[in-house]
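**Q** So that we are looking at the same thing, I have put the structure below in structure tokens.
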Amino acid sequence: MNQESRVRPSLQDERRELVRRRLEEGAIDVFAERGYASASIDQVAKAAGLSRATFYLHFANKAELAIGLWGDLRVQLVALYDELGAATAIDEAVLEKWLDASFDFYADNKTALLAVHEAIALEAEVAEMYRRRMGEVTSKVGPLIMRALGVSKENAELRAALITMQHERFSHFWLLRGMPFDRTMAREVLAQLWAQQMGFGPTET
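The following block contains the structure:
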């Protein structure tokens, strides 16, 4: 077996991934219409054009499906935070550009994120998975704060947790739940707040 064949996914793996994707896409439609709690596995399978038996070949239950949905979203979100963490110079303009991209993430994935958040409230394993995610994105921001402010790792991690949670909750209520805020103002104000807490802006407004 050559190296290329070892690295390249098999046709079976590709088919499995395709079926999982169909189930996840079907689930997003059903969750949007009925809500996570009211949606059944039969409805998800039907929306995907698949059988209930096929569903159970790929997911043990709805909670595992929700975790799968979040896994796809998490990849995008972590990539955003990786971009911020890799920035060689940060100021309010850089933060505004990054925040714009993060707003697009929430807006573009609204239906799936709403389903995941409903699952978080109902499924302990989904809630634990989401908690770990907060720690993951915080770890991308903490080192930036340590370098800029010269504070301890614990202080930097606390600051990072505060601003990332602030961003997550604000985006949830604004972009997912429909609270009325102006995008330009939201971007500018959050950039100012983040710059202050991260040590890249004035300490007073």
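If you read the sequence shown in this note's numbering, its first letter stands for residue 7, the second for the next number, and so on. Ideal Cβ positions, reconstructed from N, Cα and C, are used throughout, including at glycine. None of the values given here were measured: they were computed from a predicted structure.
(1) Identify whether serine 44 lies in helix, strand or coil by the three-state DSSP scheme.
(2) Are alanine 133 and phenylalanine 206 close, meaning C-beta to C-beta below 8 Å?
(3) Going by DSSP in three states, aspartate 97 sits in which element: helix, strand or coil?
(4) Can you tell me which of Leu24, Gln18, Arg189 puts its alpha carbon nearest to the alpha carbon of phenylalanine 109?
(5) Between alanine 69 and arginine 28, which are expected to be in contact by the criterion C-beta below 8 Å, what is the C-beta distance as a whole number of angstroms?
(6) Let me know the secondary structure DSSP gives methionine 152 once reduced to three states.
(7) Output the distance between the C-alpha atoms of arginine 165 and leucine 128, rounded to the nearest integer angstrom.
(8) Going straight from the alpha carbon of serine 177 to that of aspartate 88, what length do you get?
(9) Does the stretch 89-96 come into contact with the stretch 34-42, if we say contact requires no fewer than three beta-carbon pairs (one atom in each stretch) closer than 8 Å?
(10) Within its chain, find whatever has a CB closer than 8 Å to the CB of isoleucine 169; leave out the 5 residues flanking it on each side and keep chain order.
(11) Considering only residues of the same chain and omitting the five flanking positions on each side of glutamate 102, which have a CB-CB separation below 8 Å?
(12) Measure how close the beta-carbons of leucine 75 and alanine 121 come, nearest whole angstrom, since I'm counting them as under 8 Å.
(13) Just how far apart, CA to CA, sit isoleucine 34 and alanine 51?
(14) If you count every other CB in all the chains shown that lies within 10 Å of the CB of glutamate 160, and 16 or more means buried, which is it?
(15) Quick one: Cα of arginine 22 to Cα of leucine 150, how far?
(16) Pull up the CB-CB distance for phenylalanine 179 and methionine 185, whole angstroms please, since I reckon it's below 8 Å.
(17) Would isoleucine 34 count as contacting chain D if we go by Cβ distances under 8 Å?
(18) Please go through the same chain and pick out, in chain order, the residues whose beta-carbon is closer than 7 Å to the beta-carbon of alanine 125, but skip the five residues on each side of it.
(19) Beta carbon of tyrosine 112, beta carbon of leucine 181: below 8 Å?
**A** Straight from the coordinates:
(1) coil
(2) no
(3) coil
(4) Arg189
(5) The pair is not a contact, with the Cβ atoms about 19 Å apart (cut-off 8 Å).
(6) helix
(7) 29 Å
(8) 19 Å
(9) no
(10) Val147, Leu199, Trp200, Gln203, Met204
(11) Arg193, Glu194, Ala197
(12) 6 Å
(13) 11 Å
(14) exposed
(15) 39 Å
(16) 5 Å
(17) Looking for chain D here will not work: only one protein chain is present.
(18) Tyr42, Ala69, Ala72, Val132
(19) yes
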